[in-house]
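A.B. asks: Following the working numbering, the numbering of the sequence shown begins with 378 at its first residue and continues without gaps.
Just so you know, even glycine gets a beta-carbon here, dropped at the ideal spot from N, CA and C.
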Amino acid sequence: MTTEPVPLTADVVEALFTRADGTFLFARWGRPIVPVVFGVTDETVAVLKGAIEALCVLTDHRMAETDPELGANLMVFFLREWDELTATPNLDRLVPDLGPLVARLKTADANQYRVFRFDDAGGIKACFSFIRIDEALAQVPAETLALNQMVQAMLLWSDRAFTDRSPLALLGDAAVLRPDIADLMRAAYDPVLPVMAQDPSHALRLSARLGRAQ
Numbered sequence: 378m379t380t381e382p383v384p385l386t387a388d389v390v391e392a393l394f395t396r397a398d399g400t401f402l403f404a405r406w407g408r409p410i411v412p413v414v415f416g417v418t419d420e421t422v423a424v425l426k427g428a429i430e431a432l433c434v435l436t437d438h439r440m441a442e443t444d445p446e447l448g449a450n451l452m453v454f455f456l457r458e459w460d461e462l463t464a465t466p467n468l469d470r471l472v473p474d475l476g477p478l479v480a481r482l483k484t485a486d487a488n489q490y491r492v493f494r495f496d497d498a499g500g501i502k503a504c505f506s507f508i509r510i511d512e513a514l515a516q517v518p519a520e521t522l523a524l525n526q527m528v529q530a531m532l533l534w535s536d537r538a539f540t541d542r543s544p545l546a547l548l549g550d551a552a553v554l555r556p557d558i559a560d561l562m563r564a565a566y567d568p569v570l571p572v573m574a575q576d577p578s579h580a581l582r583l584s585a586r587l588g589r590a591q
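1) For a quick check, are the C-beta atoms of G604 and A404 less than 8 Å apart?
2) For A593, count neighbouring C-beta atoms within 10 Å of its own C-beta (all shown protein chains included) and say buried if the count is 16 or more, exposed if not.
3) Residues in the same chain with beta-carbon distance under 6 Å from F415, minus the five sequence neighbours each way, listed in chain order, please.
4) Determine contact between the stretch 556-565 and the stretch 415-435, defined as no fewer than three beta-carbon pairs at a distance below 8 Å.
5) Do the CB positions of A449 and V472 come within less than 8 Å of each other?
6) If you count every other CB in all the chains shown that lies within 10 Å of the CB of R509, and 16 or more means buried, which is it?
7) Pull up the DSSP beta-bridge partners for V414, would you.
8) When you compare only the Cα positions, how much space is there between A441 and L570?
9) Based on DSSP bridge pairs, tell me the residues matched to M573.
10) Between A392 and S535, which are expected to be in contact by the criterion C-beta below 8 Å, what is the C-beta distance as a whole number of angstroms?
11) Return the CA-CA distance between E446 and C504, expressed in angstroms with no decimal places.
12) Pull the bridge partners of F507 from the DSSP assignment, please.
13) Using a threshold of 8 Å, state whether the C-beta atoms of L583 and V390 are closer than that.
14) Among the candidates F495, G399, F401, R408, whose CA atom is the shortest distance from the CA of Y566?
15) Taking the Cβ atom as the reference point for each residue, do A530 and V424 lie within a distance shorter than 8 Å?
16) Please classify K502 as buried or exposed, where buried requires at least 16 other C-beta atoms within 10 Å of its C-beta.
17) Report the residue from T400, V479, R470 whose alpha carbon sits nearest the alpha carbon of R494.
18) In this structure, how does DSSP classify V553 when only helix, strand and coil are distinguished?
19) Excluding the five sequence neighbours on either side, which residues of its own chain have a C-beta within less than 7 Å of the C-beta of A668, listed in chain order?
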């Protein structure tokens with residue numbers, strides 16, 4: 378990881394929200410975030426919640442004690458094997474087609490996956506984040522893993538957004554959010570902008586706010 382920011386031109390911003398099928402889709406949270414974490418120690422829960430709190434401060438978004446519709450709306454599951462998901466009571470009510478999803482994740486040997494749900498305006502109303510601690514992730518410090526996962530839960534990034542470069546950078550021995558990504562996240566939560574956009578021109582509106590969305 379490097380601390381050098383990438384110049385976020387409109388084209389670069391557009392690519393960060395353009396999916397593998399070529400469609401542009403941007404969405405941010407449209408309600409306060411209420412996190413809950415399963416499968417880790419209390420210390421790791423505190424690290425994860427600290428990461429989401431820091432990102433809410435960065436973006437001027439809010440957290441809450443409870444969601445009136447779902448109770449908790451950001452659910453983070455840590456597991457050793459994907460089959461643990463199908464054994465989790467009532468999870469199939471929250472995540473449609475859970476069985477086929479688990480089969481696909483096993484076939485792909487994936488170590489993480491996120492499912493988003495959206496409100497009537499297209500904003501994010503829930504995120505289910507699944508992290509399988511394989512050999513590679515087991516070597517990642519908890520603080521780094523937590524920040525990386527929470528960054529990817531804060532916006533509906535492209536499924537290819539961070540395949541070539543992490544949203545994090547090293548500052549000494551610590552992993553921190555890349556300055557360019559932090560700037561983009563602040564811009565994404567500008568209340569003047571819509572919570573959801575499907576037109577690639579939205580990337581121009583985001584890039585125009587970079588550097589002044591403080």
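C.D. replies: Taking the structure as given:
1) The requested residue 604 is not part of the displayed model; the chain covers only 378 to 591.
2) Nothing about residue 593 can be reported from this structure: the residues present for the chain run from 378 to 591 only.
3) The count along the sequence shown starts at 1 and reaches residue 415 at position 38. Answer for F415: F454, listed in chain order.
4) Counting C-beta pairs closer than 8 Å gives three or more between the stretch 556-565 and the stretch 415-435, which meets the contact rule.
5) The residue you call residue 449 lines up with position 72 of the sequence shown. The residue you call residue 472 lines up with position 95 of the sequence shown. Cβ atoms of A449 and V472: not closer than 8 Å.
6) Against the sequence shown, residue 509 aligns to sequence position 132. In this structure R509 is buried. Its beta-carbon is surrounded by 16 or more other beta-carbon atoms within 10 angstroms.
7) Locating residue 414 in the sequence shown gives position 37, counting from the first residue. For V414, the pairing in a beta bridge is given by DSSP as V453.
8) As a working note, residue 441 is residue 64 in the sequence shown. As a working note, residue 570 is residue 193 in the sequence shown. Distance between the alpha carbons of A441 and L570 is about 22 Å.
9) Counting from 1 along the sequence shown, the entry for residue 573 is found at position 196. Residue pairing for M573: DSSP places it in a beta bridge opposite A404.
10) Translated into the one-based positions of the sequence shown, residue 392 becomes position 15. Translated into the one-based positions of the sequence shown, residue 535 becomes position 158. Going by Cβ atoms, the distance from A392 to S535 rounds to 7 Å, so yes, they are a contact pair.
11) Within the sequence shown, residue 446 is the residue found at index 69, counting from 1. Within the sequence shown, residue 504 is the residue found at index 127, counting from 1. Distance between the alpha carbons of E446 and C504 is about 14 Å.
12) Within the sequence shown, the letter at position 130 stands for residue 507. Looking at the DSSP assignment, F507 forms a beta bridge with F454, Y490.
13) Against the sequence shown, residue 583 aligns to sequence position 206. Against the sequence shown, residue 390 aligns to sequence position 13. Between L583 and V390, the C-beta gap is smaller than 8 Å, which places the two residues in contact.
14) On the sequence shown, position 189 is the one that residue 566 refers to. With respect to the C-alpha of Y566, the residue from F495, G399, F401, R408 having the closest C-alpha is R408.
15) The count along the sequence shown starts at 1 and reaches residue 530 at position 153. The count along the sequence shown starts at 1 and reaches residue 424 at position 47. No, the pair does not count as a contact, with Cβ atoms beyond the cut-off.
16) Here the question's residue 502 lines up with position 125 in the sequence shown. So K502 counts as buried.
17) Residue numbering aside, residue 494 sits at position 117 when the sequence shown is read from its first letter. The candidate whose alpha carbon is nearest that of R494 is R470.
18) Looking up residue 553 in the sequence shown gives position 176. The three-state secondary structure of V553, taken from DSSP, is strand.
19) As shown, the chain starts at 378 and ends at 591. That puts residue 668 outside it, with no answer to give.
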